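Worksheet for the structure shown next.
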């Protein structure tokens, strides 16, 4: 008798303009991680989108997250087989690394009998990822506000009205979060910090009350987007095309290069215009219309009679 745990984890879009490393929104785009006890060794199988960009070795971040749980719980399986079915484009600002981390943590925790709480797993995820916004949104679902204090993540989840949808235009080139952070300034002017505090506060209030008409004003940003936007050819034209087509607001998704347009109507027109704007800059992109995931990550434990069965 073998045991297998399967986790399904949603993508996320983060920052949402002014909420740098704080705000995140879970999206209905998913990766799954299956972790099974085996007789010996470690095996990693990766399939799906951008599988060639994800290591199938001990460097796989999902396996490393699982090993962290086993180490801290005092469990050490003789063998493990991890299967990552990736549904989220890698290095595009949609929280792909966070979903992989959570998949490893959740499945390992299930195999160990769930010794760690959801909040403890979130702290583990932030420890690996380095910031809480994407892992918190993917774990909890919905619209999430997260801060870290002395390595402890404090999170509040807000329900977000289902009429809000996100059109994501995903260019066919990656930008690593590490590279996107290196171009940010070491300090900012006080007036710019105050500007972002006001906008991020307005954004949280707009989501909490369903007053989405405020999103255009609330998603302005001076902390990170002005430095990252030059990495995306034609961003200003793409954003303007989306707004002219009916988008409420437009922002980088995470560190980019994905561009996210927030809509309550005209989603298909917005998608078409964003794709056309990217094409004018000779950039191929994949455009998706995504609803908000309100459930967050799920995990189930399965008993099987033979290794490798589902």
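In my numbering, the protein residues as written are 1300 to 1609. For every residue, glycine included, the Cβ atom is placed at its ideal position computed from N, Cα and C. Every value quoted in this text rests on a predicted model; they were computed, and no experiment measured them.
- Item | Sequence-distant residues of the same chain with beta carbon closer than 6 angstroms to residue 1311, five excluded per side | Translated into positions along the chain shown, residue 1311 becomes position 12. Once the five neighbours on either side are set aside, the close Cβ partners of residue 1311 are 1323, 1325, 1394, 1433, 1436 and 1437.
- Query: Which residues mark the beginning and the end of the alpha helix (DSSP H) in which residue 1567 is found?
  - Reply: Counting from 1 along the chain shown, the entry for residue 1567 is found at position 268. From DSSP, the alpha helix (DSSP H) with residue 1567 extends over 1566-1579.
- Taking Cβ to Cβ, would you say residue 1386 is nearer than 8 angstroms to residue 1328? For the purposes of this step, residue 1386 is identified with residue 87 of the chain shown, where counting begins at 1. For the purposes of this step, residue 1328 is identified with residue 29 of the chain shown, where counting begins at 1. A contact, by the Cβ cut-off of 8 angstroms.
- Message: According to DSSP, is residue 1346 part of a helix, a strand, or is it coil?
- Response: Numbered from 1 along the chain shown, position 47 holds the residue referred to as residue 1346. Under the three-state reduction of DSSP output, residue 1346 falls in the strand class.
- Leaving out five residues before and five after residue 1607 in sequence, what residues of the same chain have Cβ atoms less than 6 angstroms from its Cβ? Translated into the one-based positions of the chain shown, residue 1607 becomes position 308. Interpretation of residue 1607 is limited by its pLDDT of 44, a score under 50 that renders its predicted location unreliable; the figure taken from the coordinates is listed afterwards. Closer than 6 angstroms at the Cβ level, and outside the excluded window around residue 1607, lies no residue.
- Mind checking who residue 1429 pairs with in its DSSP beta bridge? The count along the chain shown starts at 1 and reaches residue 1429 at position 130. None; residue 1429 has no bridge partner.
- Message: In this structure, how does DSSP classify residue 1529 when only helix, strand and coil are distinguished?
- Response: Within the chain shown, residue 1529 is the residue found at index 230, counting from 1. Residue state, collapsed to three classes: helix.
- Message: Please state whether the Cβ-Cβ distance between residue 1473 and residue 1550 is less than 8 angstroms.
- Response: Here residue 1473 refers to the residue found at position 174 of the chain shown. Here residue 1550 refers to the residue found at position 251 of the chain shown. With contacts defined by Cβ atoms closer than 8 angstroms, residue 1473 and residue 1550 do not form a contacting pair.
- So, is residue 1453 buried or exposed, given that buried needs 16 or more other C-beta atoms within 10 angstroms? Counting from one through the chain shown, the residue named residue 1453 turns up at place 154. Flag for residue 1453 reads exposed.
- Message: Can you look up residue 1276 in the DSSP assignment and give me helix, strand or coil?
- Response: A query on residue 1276 cannot be resolved here, the shown segment of the chain reaching from 1300 to 1609 and no further.
- Message: Under 8 angstroms: do the segment 1567-1577 and the segment 1519-1529 share three or more Cβ pairs, one atom per stretch?
- Response: no
- Message: According to DSSP, is residue 1541 part of a helix, a strand, or is it coil?
- Response: Here residue 1541 refers to the residue found at position 242 when the chain shown is read from its first residue. When secondary structure is reduced to three states using DSSP, residue 1541 falls in the helix class.
- Take residue 1459 as the anchor and find which of 1588, 1429 and 1442 has the nearest alpha-carbon. The residue labelled residue 1459 in the question sits at position 160 within the chain shown. For the residues 1588, 1429 and 1442, the minimum Cα distance to residue 1459 belongs to 1442.
- Task: Work out the CA separation of residue 1303 and residue 1609 for me, nearest whole Å.
- Result: Numbered from its first residue, the chain shown carries residue 1609 at position 310. Numbered from its first residue, the chain shown carries residue 1303 at position 4. Confidence at residue 1609 is low in this model, with a pLDDT of 37, below 50, so the placement of that residue should be treated as unreliable; the coordinate-derived value is given next. Cα-Cα distance, rounded: 8 angstroms.
- Message: Could you tell me which whole alpha helix (DSSP H) segments of length 4 or greater appear in the segment 1368-1439?
- Response: 1395-1410, 1417-1428 and 1432-1439
- Inter-residue Cα distance where the pair is residue 1306 and residue 1589: Within the chain shown, residue 1306 is the residue found at index 7, counting from 1. Within the chain shown, residue 1589 is the residue found at index 290, counting from 1. Approximately 20 angstroms between the Cα atoms of the pair.
- Out of 1367, 1542, 1479 and 1537, state which residue places its alpha-carbon closest to the alpha-carbon of residue 1406. As a working note, residue 1406 is residue 107 in the chain shown. It is 1367 whose Cα lies nearest to the Cα of residue 1406.
- Under the three-state reduction of DSSP, which class applies to residue 1461: helix, strand or coil? Numbered from 1 along the chain shown, position 162 holds the residue referred to as residue 1461. Residue 1461 falls in the coil class under three-state DSSP.
- Bridge partners - residue 1602, DSSP secondary structure assignment: Within the chain shown, the letter at position 303 stands for residue 1602. Answer is 1302, bridged to residue 1602.
- Message: From the DSSP secondary-structure annotation, give me the bridge partner or partners of residue 1324.
- Response: Position 25 of the chain shown, counted from the first residue, corresponds to residue 1324. In DSSP, residue 1324 forms a bridge with 1312 and 1442.
- Message: For residue 1340, tell me which candidate among 1362, 1577, 1446 and 1332 has the shortest Cα-Cα distance.
- Response: Looking up residue 1340 in the chain shown gives position 41. Looking at the Cα atoms, 1362 is the closest of the given residues.
- For the beta strand (DSSP E) that residue 1548 lies in, which residues bound it at each end? Start at 1 with the first residue of the chain shown, and residue 1548 comes out as number 249. Element bounds for residue 1548: 1548-1551.
- Residues bridged to residue 1334 [DSSP beta-bridge criterion]: Locating residue 1334 in the chain shown gives position 35, where the first residue counts as 1. Paired residue(s): 1304 and 1381.
- Do you know how far the Cα of residue 1563 is from the Cα of residue 1611? The structure shown has nothing for residue 1611, since the chain only spans 1300 to 1609.
- Out of 1553, 1380 and 1537, which has the shortest C-alpha to C-alpha gap to residue 1581? Translated into the one-based positions of the chain shown, residue 1581 becomes position 282. For the residues 1553, 1380 and 1537, the minimum Cα distance to residue 1581 belongs to 1537.
- Quick one: what's got a C-beta closer than 8 angstroms to residue 1364's C-beta in the same chain, skipping five residues either side? Along the chain shown, read from residue 1 onward, the residue named residue 1364 stands at position 65. Cβ within range, chain order: 1399, 1400, 1401, 1402, 1403, 1404, 1407, 1423, 1424 and 1427.
- Does the beta-carbon distance from residue 1519 to residue 1316 come in below 8 angstroms? As a working mapping, residue 1519 is identified with position 220 in the chain shown. As a working mapping, residue 1316 is identified with position 17 in the chain shown. Yes, the Cβ-Cβ distance between residue 1519 and residue 1316 is below 8 angstroms.
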